[in-house]
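Enquirer: Once you've had a glance at the structure underneath, I'll fire off some questions.
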Amino acid sequence: MKIVVLVKHVPDTAEERKLDLATGQLDREATGGVVDEINERALEAALRIKDSNKGTEVVAMTMGPEGAAQALRKALSMGADSGVHIVDDSLSGADTGRTAATLAAALRSTGFDVVLAGNESTDGRAGVIPAMLAEHLQLPLLGSLISAEIADGAVSGVRQGEGGTLDIHTGLPAVLTVTERFPEARFPNFKGILTAKRKPVTTLSASRLGVQAPVSRTVVISTVERPPRPAGRKLIDDGTAANELAEFLVANRLV
Amino acid sequence: MSNVLVLIEFSPRGEIAASARGLLAAAATLGSPVAVVVSATPLADDDVARLGELGAAGIYSAVTAAAGTVLLAPAVDALSGAVDAYEPAAVLAANSVDGREAAARLAVRVGGSVLADVVHVHNGNGTVVAQHSVFGGAYTVESVVEGGLPILTIRQGAIEGQAPTVQAELKTVSLGSNAEGVVLIDGFHDDPAGSARPELRSAATVVSGGRGLGSSANFVLVEQLADTLGAAVGASRAAVDAGYVAQTAQVGQTGVSVSPQLYIALGISGAIQHRAGMQTSKTIVAINKDEDAPIFDVADFGIVGDIFTVVPQLIEAVKARSN
Chain A
1 MKIVVLVKHV PDTAEERKLD LATGQLDREA TGGVVDEINE RALEAALRIK
51 DSNKGTEVVA MTMGPEGAAQ ALRKALSMGA DSGVHIVDDS LSGADTGRTA
101 ATLAAALRST GFDVVLAGNE STDGRAGVIP AMLAEHLQLP LLGSLISAEI
151 ADGAVSGVRQ GEGGTLDIHT GLPAVLTVTE RFPEARFPNF KGILTAKRKP
201 VTTLSASRLG VQAPVSRTVV ISTVERPPRP AGRKLIDDGT AANELAEFLV
251 ANRLV
Chain B
1 MSNVLVLIEF SPRGEIAASA RGLLAAAATL GSPVAVVVSA TPLADDDVAR
51 LGELGAAGIY SAVTAAAGTV LLAPAVDALS GAVDAYEPAA VLAANSVDGR
101 EAAARLAVRV GGSVLADVVH VHNGNGTVVA QHSVFGGAYT VESVVEGGLP
151 ILTIRQGAIE GQAPTVQAEL KTVSLGSNAE GVVLIDGFHD DPAGSARPEL
201 RSAATVVSGG RGLGSSANFV LVEQLADTLG AAVGASRAAV DAGYVAQTAQ
251 VGQTGVSVSP QLYIALGISG AIQHRAGMQT SKTIVAINKD EDAPIFDVAD
301 FGIVGDIFTV VPQLIEAVKA RSN
């Protein structure tokens, strides 16, 4: 079985992330980049299948500028067999529609039985790429899973919906997305880090994939930074703080 | 006036989902709202009346045996049928698990683009302009769609108010069911959530607890203050990961984003990932024993103290004042 795991190189959420106010695009200089944690959980799910069935092939795929190669390197050091990097200046600032069209073409050329992704990235948070891919590829999507069972030709899982969970199943090939309820990812070990350097990474461009930009696109027309919050009051409790807080809430009509 | 389609979801118990009000209110500011509904049996009169009350001028009711047994595909088929029938200026869905998957598939199918997690919409000279709150509200970004149909996912709880009540014009169509390449639903399990409290995303007041609570038994302190204030219960990821409370209560980068009138953080240090989900709240109160906790940087009123001492006193003080 061949599993392609989509990974995204994103700004570290532990730092203050910035947008370029002129373009509305991510300021990649402002913060360090990391593999999005949710993608590491997706990769972990794929690697657990490989642990129990050595015939499984795990491919990590990313689309992003040169620096995104770091995300692939991390995935390879964790245990993925190979990487695919879609990198192309013309893809800079690609919206979700363009990203999905490009990834779908790359997935067709790479081949797969299962595509595993996170339910949403921590930077864009749109959560639409996996469903767009499924539509491009005419495949079923098992989205927002809290657990999954992948076996010969079929996959079942539990989906976290709005008011509860659903038990769902479908046949392969299929696209799956995992949520934070999936197990935390393993750390790369020393051997993994060493062997990662020898694993193959294929580089693809939009033109090589023959993908045209979709006619419909999203355009950012303004980006405004929120002014910082003014400093508030801070009391050290001496036994009267709760009373003062109650008065503050009443005075501001909050209770 | 141009038509604006709205995908209506149902709660697990078969009621029109709470997201419908805000979606129809947003649609009414852009054009004439048409509710798109999928059901296994013809739409009940009560639901037709309720949708009109919420502002739906039209209802596109797609009836199919697959509703309830096939995941999402019927909703996408219904939306795409409604796009043909109404030639809408925009399509709106909730930024929910189902809503965004339907929006994403529809965009590819009909040649549109998704404007995601929208907190406000307006009509700018005939163009649908969407506003987003990015990186936990650190930026406000406006965007539009060029060259295709705008498909918006609307953040739940972000749109206030209600569209004017109208008499909904019902159009019923029957939808074929395609069993190939679809996801089948085998069962449903209710979340054991305390539904007596207000819904987290739309609550006026939210009381959240963090690692400082120390145990799931102690988390009851958060619930007691919430119930005193008529508030929803939230939590930091640390509290969720420690098992004090269900994941659905998680506020932050990877949980729910809230902007209530009042947000009270109890025993929450205020890591940047948590602040990303609550720092646009109108008033923020924090109680934490660590004087240097970053939550105090965004708090309008902070108390450095022991939550197990301060919170019971606060509950008594609030009760005394409301009597």
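Those protein sequence lines, which keep their order, are chains A and B. Mapping of the first sequence onto the UniProt record's numbering: position 210 corresponds to residue 210, and the numbering continues sequentially without gaps. Mapping of the second sequence onto the UniProt record's numbering: position 269 corresponds to residue 269, and the numbering continues sequentially without gaps. All C-beta atoms, glycine included, are put in the ideal place defined by N, C-alpha and C. Treat the numbers as computed from the prediction; the structure is a model and nothing was measured.
#1: Look at the alpha carbon of A/ALA105 and the alpha carbon of A/VAL211, and state the distance between them as a whole number of angstroms.
#2: Check whether the region 109-117 of chain B touches the region 169-183 of chain A, taking contact to mean three or more Cβ pairs, one atom from each stretch, closer than 8 Å.
#3: By the three-class DSSP mapping on this structure, what secondary structure does B/LEU23 have?
#4: What does A/LYS8 reach in chain B if we use C-beta pairs closer than 8 Å?
#5: Report the option in B/ALA265, B/GLU223, B/ALA49 whose CA atom is closest to the CA atom of B/GLY212.
#6: Taking contact to mean 3 or more Cβ pairs, one atom from each stretch, closer than 8 Å, check whether the region 86-94 of chain A and the region 186-193 of chain A are in contact.
#7: How many Å lie between A/VAL220 and B/ASN123 at the Cα?
#8: Which residue spans inside the region 193-223 of chain B form an unbroken beta strand (DSSP E) run of at least 3?
#9: Whole angstroms is fine: what's the gap from B/HIS189's alpha carbon to B/GLN247's?
#10: In chain order, which alpha helix (DSSP H) runs of at least 4 residues are fully inside the region 176-220 of chain A?
#11: With 16 as the cutoff for other CB atoms within 10 Å, does A/ILE150 come out buried or exposed?
#12: What are the start and end residues of the alpha helix (DSSP H) that includes A/SER52?
#13: Using a C-beta to C-beta distance shorter than 7 Å, which residues of chain B count as neighbours of A/ARG226?
#14: Could you confirm whether any beta carbon from chain B is found closer than 8 Å to the beta carbon of residue 262 of chain A?
#15: Since I believe A/ALA134 is in contact with A/PRO214 (beta carbons under 8 Å), could you give me their beta-carbon distance rounded to a whole number of angstroms?
#16: Using DSSP's beta-bridge definition, name the partner residues of A/GLY118.
#17: When Cβ atoms are compared, which residues of the region 165-178 of chain B fall closer than 7 Å to chain A?
#18: Taking a Cβ distance cut-off of 8 Å, strictly less, list which residues of the region 142-153 of chain A are near chain B, in chain order.
#19: Since A/VAL7 and A/THR62 should fall inside the 8 Å C-beta cutoff, what is the C-beta to C-beta distance between them, to a whole number of angstroms?
#20: If we count the other Cβ atoms within 10 Å of its Cβ and call it buried at 16 or more, is B/GLN279 buried or exposed?
#21: Show which residues of chain B have a CB atom less than 9 Å away from the CB atom of A/MET63.
#22: Contact defined as beta carbons within less than 8 Å: I believe B/LEU221 pairs with B/VAL258. What is the distance between those atoms, to the nearest angstrom?
#23: Once the 5 residues before and after B/ALA89 are set aside, which same chain residues still bring their CB inside 8 Å of it?
#24: Provide the residue(s) that pair with B/LEU5 in DSSP beta bridges, ordered along the chain.
#25: Considering only the alpha carbon of each residue, which of B/LEU24, B/GLN224, B/ALA231, B/LYS289 lies closest to B/GLU316?
#26: Give the interface partners of A/ASP237 over in chain C, defined as CB-CB distance under 8 Å, in chain order.
#27: Beta strand (DSSP E) containing B/PRO150: first to last residue?
#28: Can you list, in chain order, the residues of its chain whose CB lies under 6 Å from that of B/ALA158, leaving out five sequence neighbours each side?
#29: Rank B/GLY137, B/ILE268, B/SER80 by C-alpha distance to the C-alpha of A/LEU227 and give the top, closest one.
#30: Please list, in chain order, the chain B residues whose beta carbon lies closer than 7 Å to that of A/ILE86.
#31: Identify the residues that DSSP records as bridge partners of A/LEU142: which are they?
#32: What residue range does the alpha helix (DSSP H) around A/ARG125 cover?
#33: If the cut-off is 7 Å on Cβ atoms, which residues from the region 192-222 of chain A count as contacting chain B, listed in chain order?
#34: Can you pull the DSSP bridge partners for B/TYR60?
#35: Of the residues B/PRO260, B/GLY52, B/VAL36, which one's Cα is nearest the Cα of B/LEU79?
#36: Measure the beta-carbon distance from B/GLY270 to B/ALA293 and round it to whole angstroms, keeping in mind my assumption that it falls under 8 Å.
Expert: A quick look at the data gives this:
#1: Pairing A/ALA105 with A/VAL211, the inter-Cα distance amounts to about 7 Å.
#2: Judged by pairs of C-beta atoms under 8 Å, the region 109-117 of chain B does not touch the region 169-183 of chain A, as fewer than three such pairs exist.
#3: Here DSSP, grouped into helix, strand and coil, assigns B/LEU23 to helix.
#4: Neighbourhood of A/LYS8 in chain B, by CB distance below 8 Å: empty, with the nearest CB roughly 14 Å away.
#5: The shortest Cα separation from B/GLY212 among B/ALA265, B/GLU223, B/ALA49 belongs to B/ALA265.
#6: Between the region 86-94 of chain A and the region 186-193 of chain A there are fewer than three C-beta pairs closer than 8 Å, too few to call the two in contact.
#7: Taking the straight line from one Cα to the other gives about 15 Å.
#8: Counting whole runs of 3 or more residues, the region 193-223 of chain B contains the beta strand (DSSP E) stretches 205-209.
#9: The alpha-carbon of B/HIS189 is positioned some 15 Å away from that of B/GLN247.
#10: List check, alpha helix (DSSP H) in window: 190-196, 206-209.
#11: By the neighbour-count definition (other C-beta atoms within 10 Å, threshold 16), A/ILE150 is a buried residue.
#12: First-last of the alpha helix (DSSP H) with A/SER52: 37-52.
#13: Against chain B, the beta carbon of A/ARG226 has neighbours under 7 Å at GLY137, ALA138, TYR139, THR140, listed in chain order.
#14: There is no way to answer for residue 262 of chain A, as the model of chain A reaches only from 1 to 255.
#15: Between A/ALA134 and A/PRO214 the Cβ distance is about 16 Å, and since that is not below 8 Å, they are no contact.
#16: Answer is A/VAL178, bridged to A/GLY118.
#17: Residues: none.
#18: Per Cβ criterion, the list reads LEU142, GLY143, SER144.
#19: Taking C-beta atoms under 8 Å as the contact rule, A/VAL7 and A/THR62 qualify, at a distance of about 5 Å.
#20: Buried, because 16 or more other Cβ atoms sit within 10 Å of the Cβ of B/GLN279.
#21: Residues of chain B with a Cβ closer than 9 Å to the Cβ of A/MET63 do not exist, since the nearest Cβ in that chain sits about 17 Å away.
#22: Taking the Cβ atoms as the reference, B/LEU221 lies roughly 20 Å from B/VAL258, outside the contact range of under 8 Å.
#23: So the qualifying residues of the chain are SER2, ASN3, VAL4, LEU30, GLY31, VAL128, PRO150.
#24: The partner list for B/LEU5 (beta bridge, DSSP) reads B/VAL34, B/VAL91.
#25: Among B/LEU24, B/GLN224, B/ALA231, B/LYS289, the Cα nearest to that of B/GLU316 is on B/GLN224.
#26: Looking for chain C here will not work: the only protein chains present are A and B.
#27: Here the beta strand (DSSP E) through B/PRO150 covers 149-154.
#28: Cβ neighbours of B/ALA158 beyond the five flanking positions: VAL119.
#29: According to the sequence shown, residue 227 of chain A is Pro rather than Leu. Per the Cα distances, B/GLY137.
#30: Counting only Cβ-Cβ distances below 7 Å, A/ILE86 has no contacts in chain B at all, with the closest Cβ about 18 Å away.
#31: DSSP lists A/LEU176 as partners of A/LEU142.
#32: In the DSSP assignment, A/ARG125 falls outside any alpha helix (DSSP H), carrying neither H nor E.
#33: Correct list: VAL215, SER216, ARG217, THR218, VAL219, VAL220, ILE221, SER222.
#34: Residue pairing by DSSP puts B/TYR60 in a beta bridge opposite B/VAL36, B/LYS171.
#35: Answer by Cα proximity: B/VAL36.
#36: 6 Å between Cβ atoms; contact.
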